[in-house]
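J.:
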Amino acid sequence: MPAVVLIGASAVWAPRPARVSAGGASVGEYSSAIVYNGQAQDFYYDSTNTLLGHAWYSGGWHTETLDGAGGSNGAETASVGTDNSAVIYNGQLQDFYRDTTHGTLRHAVWTGSSWFFESLDGPSVTGGNGRTGDSVGQYNSAVIYNGQLQDFYFDLSNGLMRHAVWTGSGWFFESLDGPSVSGGNGRTSNFVGGYNDAVIYHGQLQDFYYDSSTSLLRHAVWIGSTWFFESLDGTGVGGGNGRIGDSVGQFNSAVIYSGQLQDFYYDSSNDLLRHAVWTGSTWFFESLDGTGAGGGNGRTTDGVGSNDSAVIYNTQLQDFYFDGTNGSLRHATYAAGWFFETIA
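In our numbering, the protein residues as written are 20 to 363.
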């Protein structure tokens, strides 16, 4: 799963493989956390009952089932709640998630007094404006750009990266990259669009995502009038500057640090934590942690680097990620150099 950090909305999103028992149900996967109205909030998946759950802190923790068990205001009876991505738009709390029963992209909105729900894209969803009948809604990454609500997500039927935009008066949809998507500008016919992570950098909308056909890290940029696409890292990608010929590009987590665009992601060939940096003119790449990543300072030879979640804290660049060898939580911090530790 992808991870997103929306600095302006105080949102941090990443999959949480650990589960918490609540009322006998197994809950807590596909979490998307955000601060809204001064309160910590989290959207998550109830895998026992296949429902969308919501937790918030107000003098103590409270939980509720939002969608999947039927109800009013568009709530449905279906298996829902995976692939959450929460965001604040126009002062309203929003969440994008997947309906696995119908293969649709779902959307929840808190108006300040009530929850409303809708199916945005996928089979049997009406409304035109670029909608598809494909099975969609996986790997959501929501962001606000140019005053408009945006979501990037995966089309499972055809291996496409999809993009939804709320202009303020209507929804519009498009297939951005993948098989049969026209437009050139670096697009590929490979299966792409998993592990999305969107971010705004220098006023431009950006998305990092995975090419599953050739196991590459992909990058999309909207410059204000046109989309441009490129393969950044992985087998066959030229350019040097630390690039590697491994299978890479899953579990993206992008963030802006020291005026530079950064992305953390997974090298599945060698179980490494990878790091990409755009300096403003050039891309640079490095293996930060895992077997073969030299440099000491707490590095490990374990298989690491999946389930990334990056954030800026106390002016320092931080990334949390998974150690698959020992089943532990790893932490990387940049403070005039990289330092690493096992937290739990």
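We put the beta carbon where it would ideally sit given N, CA and C, even for glycine.
Small disclaimer: the values here were computed from a predicted structure and weren't measured.
Could you give the DSSP three-state label for Asn68: helix, strand or coil?
T.: Taking the sequence shown and counting its residues from 1, the one referred to as residue 68 is at position 49. Coil, per DSSP.
J.: Quick check: the Cα distance between Asn271 and Phe115, rounded to an integer number of angstroms?
T.: The residue labelled residue 271 in the question sits at position 252 within the sequence shown. The residue labelled residue 115 in the question sits at position 96 within the sequence shown. Each residue's Cα considered, the two are about 18 Å apart.
J.: Between the Cα of Asn159 and those of Thr82, Gly187, Thr123 and Ser133, spot the shortest distance and give me the residue it belongs to.
T.: On the sequence shown, position 140 is the one that residue 159 refers to. The option with the nearest alpha carbon to Asn159 is Thr123.
J.: Which residues bound the beta strand (DSSP E) around Asp342?
T.: Taking the first residue of the sequence shown as position 1, residue 342 is located at position 323. Asp342 -> beta strand (DSSP E) spans Gln335 to Asp342.
J.: Below 6 Å CB to CB, which residues in the same chain sit around Ala354 once its five sequence neighbours on both sides are set aside?
T.: Taking the sequence shown and counting its residues from 1, the one referred to as residue 354 is at position 335. Gln335, listed in sequence order.
J.: How big is the Cα-Cα spacing for Arg293 and Gly90?
T.: Residue 293 sits at position 274 when you count from the first residue of the sequence shown. Residue 90 sits at position 71 when you count from the first residue of the sequence shown. Taking the straight line joining both Cα atoms gives about 44 Å.
J.: When we look at the beta-carbon of Ala363 and count the other beta-carbons within 10 Å, is it buried (16 or more) or exposed?
T.: The count along the sequence shown starts at 1 and reaches residue 363 at position 344. With fewer than 16 Cβ atoms within 10 Å of its Cβ, Ala363 is classed as exposed.
J.: Helix or strand or just coil, what does DSSP make of His73?
T.: Counting from one through the sequence shown, the residue named residue 73 turns up at place 54. It is a strand residue.
J.: On a Cα-Cα basis, can you pick out the residue from Gln58, Asn103 and Ser306 that is closest to Leu85?
T.: For the purposes of this step, residue 85 is taken as the residue at position 66 of the sequence shown. Measuring from the Cα of Leu85, the nearest candidate turns out to be Asn103.
J.: Which runs of the beta strand (DSSP E) spanning at least 3 residues fall entirely within the segment 258 to 320, listed in chain order?
T.: Runs of the beta strand (DSSP E) inside the segment 258 to 320: 267 to 276, 279 to 286, 291 to 297 and 302 to 308.
J.: Quick one, which of Val218, Ala273 and Phe303 has its alpha-carbon nearest Gln256's?
T.: The residue labelled residue 256 in the question sits at position 237 within the sequence shown. One detail in the question is off: residue 256 reads as Val in this sequence, not Gln. Nearest of Val218, Ala273 and Phe303 to Val256, Cα basis: Phe303.
J.: In whole angstroms, give me the CA-to-CA distance for Val31 and Thr145.
T.: To locate residue 31, count along the sequence shown from 1; it is residue 12. To locate residue 145, count along the sequence shown from 1; it is residue 126. For Val31, the predicted model reports a pLDDT of 37, less than 50, meaning its position is unreliable and no value from the coordinates is stated.
J.: I'd like the list of long-range same chain contacts for Asp414, defined as Cβ closer than 8 Å, with 5 residues on each side in sequence excluded.
T.: The question about residue 414 has no answer, for the chain in this structure spans 20 to 363.
J.: Would you mind listing the beta strand (DSSP E) stretches within the segment 82 to 142 that are 3+ residues and don't spill past its ends, in chain order?
T.: Those beta strand (DSSP E) runs which fall completely within the segment 82 to 142 and span 3+ residues are 99 to 108, 111 to 118, 123 to 129 and 134 to 140.
J.: For Ala74, which option in Trp185, Asn204 and Ala52 has the closest C-alpha, if you only look at C-alpha atoms?
T.: Reading the sequence shown from its first residue, position 55 is the one you call residue 74. When only C-alpha atoms are compared, the closest one is Ala52.
J.: Is the segment 52 to 67 touching the segment 106 to 121 in the sense that three or more CB pairs, one from each, lie closer than 8 Å?
T.: Yes, they touch.
J.: Inspect the CB distances between the segment 205 to 216 and the segment 177 to 187 and report whether three or more fall short of 8 Å.
T.: Yes, the segment 205 to 216 is in contact with the segment 177 to 187.
J.: Below 7 Å CB to CB, which residues in the same chain sit around Trp129 once its five sequence neighbours on both sides are set aside?
T.: Locating residue 129 in the sequence shown gives position 110, where the first residue counts as 1. If we look at Trp129 and ignore the five residues flanking it on each side, its Cβ neighbours are Gln111 and Leu112.
J.: Please state the DSSP three-state secondary structure of Asp216.
T.: Locating residue 216 in the sequence shown gives position 197, counting from the first residue. Looking at Asp216 - three-state DSSP - the assignment turns out to be strand.
J.: What's the gap between the Cα of Asp265 and the Cα of Leu236?
T.: Mapped onto the sequence shown, residue 265 falls at position 246. Mapped onto the sequence shown, residue 236 falls at position 217. Distance between the alpha carbons of Asp265 and Leu236 is about 10 Å.
J.: Let me check one thing: in DSSP terms, what residues is Phe192 bridge-paired to?
T.: Your numbering for residue 192 matches position 173 in the sequence shown. Ala183.
J.: In this structure, what does DSSP give as the bridge partners for Leu348?
T.: For the purposes of this step, residue 348 is taken as the residue at position 329 of the sequence shown. Paired residues: Phe341.
J.: Could you spell out where the beta strand (DSSP E) holding Ala354 opens and where it closes?
T.: As a first step, residue 354 must be located in the sequence shown, where it is residue number 335. From DSSP, Ala354 is part of no beta strand (DSSP E); its letter is neither H nor E.
J.: What residues in its chain sit with their C-beta under 6 Å from that of Ser288, if we drop five residues either side in the sequence?
T.: As a working note, residue 288 is residue 269 in the sequence shown. Closer than 6 Å at Cβ, skipping near neighbours: Asp265 and Ser266.
J.: With distance defined between alpha-carbon atoms, name the residue in Gly78, Thr301 and Asp321 nearest to Gly346.
T.: If you number the sequence shown from 1, residue 346 lands on position 327. Of Gly78, Thr301 and Asp321, the residue nearest in Cα terms is Asp321.
J.: Helix, strand or coil: which one does DSSP assign to His238?
T.: The residue given as residue 238 occupies position 219 in the sequence shown. Strand at His238.
J.: Nearest by alpha-carbon distance to Asp174: which of Glu193, Val162 and Trp185 is it?
T.: Sequence index remark: in the sequence shown, residue 174 carries index 155 (1-based). Among Glu193, Val162 and Trp185, the Cα nearest to that of Asp174 belongs to Glu193.
J.: Once DSSP output is grouped into helix, strand and coil, what is the label at Ile362?
T.: As a first step, residue 362 must be located in the sequence shown, where it is residue number 343. It is coil, neither helix nor strand.
J.: Just list the residues that DSSP pairs Ser208 with in beta bridges.
T.: By 1-based counting over the sequence shown, the position of residue 208 is 189. In DSSP, Ser208 forms no bridge with anything.
J.: Taking only three categories from DSSP, how would you classify Gly47?
T.: Reading the sequence shown from its first residue, position 28 is the one you call residue 47. Gly47: strand per DSSP, three-state reduction.
J.: Would you tell me roughly how many angstroms separate the C-alpha atoms of Ala97 and Gly72, rounded to the nearest one?
T.: In the sequence shown, counting from the first residue as 1, residue 97 sits at position 78. In the sequence shown, counting from the first residue as 1, residue 72 sits at position 53. Cα to Cα, the separation comes out at about 13 Å.
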